[in-house]
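Notes follow once the structure below has been shown.
Numbering (the working numbering), first residue to last: 995 to 1414.
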């Protein structure tokens, strides 16, 4: 328990130091104009790596990981996003590819998928790690490992994004990995880096949590204050009031005080040992009242809800996925779900393009030349019945065009094939 508190204290100090740096004009890095960054980058950062966007310190990448693992709202956001995205991929072969070549190529690709991630879960687990990194740090990285003889891709492994730095060298961004205080250059033909919401002049991505540290700090302070306030407000308590006897004629001040203290101790001992089925019997100089614990503090809930809404928008989530639907119709929730699926499709298209390059490389090393594309599987629509009705009407319209001679059989087949 002591170690956990120590770790929490350490990371919140990291956050506080980050805000103090941002607010201190003397500590800010010199601003570089955009033309200088594009055309004169080697002079802009001759002996250092290019910083994260907005000059955010690299230590924040580790803070993002801590927030993901310890803040429930952010943990749920990453958990939801990566499962929405991890829909799987399919290979669509060109019509020019023979069945024999297709079967052989598919077998090679299937073996590669199983070898990925050290063979621990294959492509499925590799994608899970990649999506987790994307939505935590705003970037994901993988490294292609070739067999000793260079005859095939031996493995595709994830790379820890918080260890990656970039320099502008030779007209392109050169990636380096910092490991055990060593700076290791990563060969471009082996290393793949995926940036989420990156700027045009900066290779790093933008974390899903980039806009949230200030909000999270307020939320955790509010939760701490609320827990301490509700500890007393939520329970009924007995309030015992003792009216001291007057001091005796021959009693000194010290004796009188000792007698009052003794009486209070006796009352405290009797009340402490009182059973739930026992009654209190006292003289009339003792009053016992109940401090009712029925107070409610709606301001806490309203404030917490306002903060949660900031977290929802900051993580690009939709209220419907967190149990909040501010509309009065089903359409409102459906629209939110469809918007999220558009975001999922955008990210998965990038992943599909990378997988396509890896598969092409593996097939070429086996002497196979074929045309294909990798396509992500789509999430099911929110209204399956409506989608089915639209597809049915579309196919019916195509058949009418075929019967009218406007489309031939092959054109109809290619149009209908994605819906089968």
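The beta-carbon is built from N, C-alpha and C at its ideal position, and this holds for glycine as well.
Open item on the list: Measuring only the C-alpha atoms, how far is residue 1060 from residue 1122?
Closed with: 18 angstroms
TODO: For the beta strand (DSSP E) containing residue 1232, list its first residue and its last residue.
DONE: 1231–1236
Open item on the list: According to DSSP, simplified to helix, strand and coil, what is residue 1198?
Closed with: coil
- [ ] Using the Cα positions of residue 1136 and residue 1050, report the straight-line distance between them to the nearest angstrom.
- [x] 23 angstroms
Task: Straight-line Cα distance separating residue 1102 from residue 1108 - done: 10 angstroms
TODO: On a CA-only basis, which of 1262, 1308 and 1233 is nearest residue 1281? Give me that one, please.
DONE: 1233
Task: Limits of the unbroken beta strand (DSSP E) element including residue 1398 - done: No beta strand (DSSP E) contains residue 1398, which DSSP labels as neither H nor E.
- [ ] Specify whether the region 1383–1396 and the region 1109–1116 touch according to this definition: at least 3 beta carbon pairs, one from each stretch, less than 8 angstroms apart.
- [x] no
TODO: Could you tell me which residues DSSP pairs with residue 1274 in its beta bridges?
DONE: Beta-bridge pairing links residue 1274 to no other residue.
Open item on the list: Tell me the residue span of the alpha helix (DSSP H) that contains residue 1248.
Closed with: 1247–1266
Task: Status (buried if at least 16 other CB within 10 Å, exposed otherwise) for residue 1403 - done: exposed
Task: Alpha-carbon to alpha-carbon, residue 1146 and residue 1354 - done: 11 angstroms
Open item on the list: For a test of the three-state rule: what should DSSP assign to residue 1203, helix, strand or coil?
Closed with: coil
Open item on the list: Looking at residue 1134: is its Cβ nearer than 9 angstroms to the Cβ of residue 1170?
Closed with: no
Open item on the list: Give the list of continuous beta strand (DSSP E) stretches no shorter than 3 residues that lie fully inside the region 1147–1202.
Closed with: 1147–1152, 1158–1163, 1166–1173, 1176–1179 and 1185–1189
- [ ] Report all residues from its chain with a CB closer than 6 angstroms to the CB of residue 1231; omit the five preceding and five following residues, and keep chain order.
- [x] 1285
Task: In chain order, each beta strand (DSSP E) run of at least 3 residues that lies wholly inside the region 1092–1127 - done: none
- [ ] Below 8 angstroms CB to CB, which residues in the same chain sit around residue 1356 once its five sequence neighbours on both sides are set aside?
- [x] 1102, 1103, 1106, 1146 and 1147
Task: Candidates 1299, 1265, 1271 and 1298, of which the one nearest residue 1418 by Cα - done: With the chain represented from 995 up to 1414, any question about residue 1418 goes unanswered, as that position is not in the structure.
Task: Buried or exposed (CB count within 10 angstroms, at least 16 for buried), residue 1367 - done: exposed
- [ ] Please name the residue in 1093, 1074, 1053 and 1274 whose C-alpha comes closest to that of residue 1364.
- [x] 1093
Task: residue 1403 - DSSP class collapsed to helix/strand/coil - done: helix
Open item on the list: Within 10 Å of its beta-carbon, does residue 1277 have 16 or more other beta-carbons around it, so buried, or fewer, so exposed?
Closed with: exposed
Open item on the list: Tell me the rounded alpha-carbon separation between residue 1178 and residue 1329.
Closed with: 46 angstroms
TODO: Determine the closest residue to residue 1445 out of 1140, 1203 and 1082, with distance taken between C-alpha atoms.
DONE: Residue numbering for the chain in the displayed model covers 995 to 1414; residue 1445 lies beyond these limits and cannot be assessed.
Task: Close beta carbons around residue 1157, own chain, < 7 angstroms, minus the five adjacent residues each side - done: 1171, 1172 and 1173
Task: CA-to-CA distance, residue 1248 to residue 1270, given in whole angstroms - done: 37 angstroms
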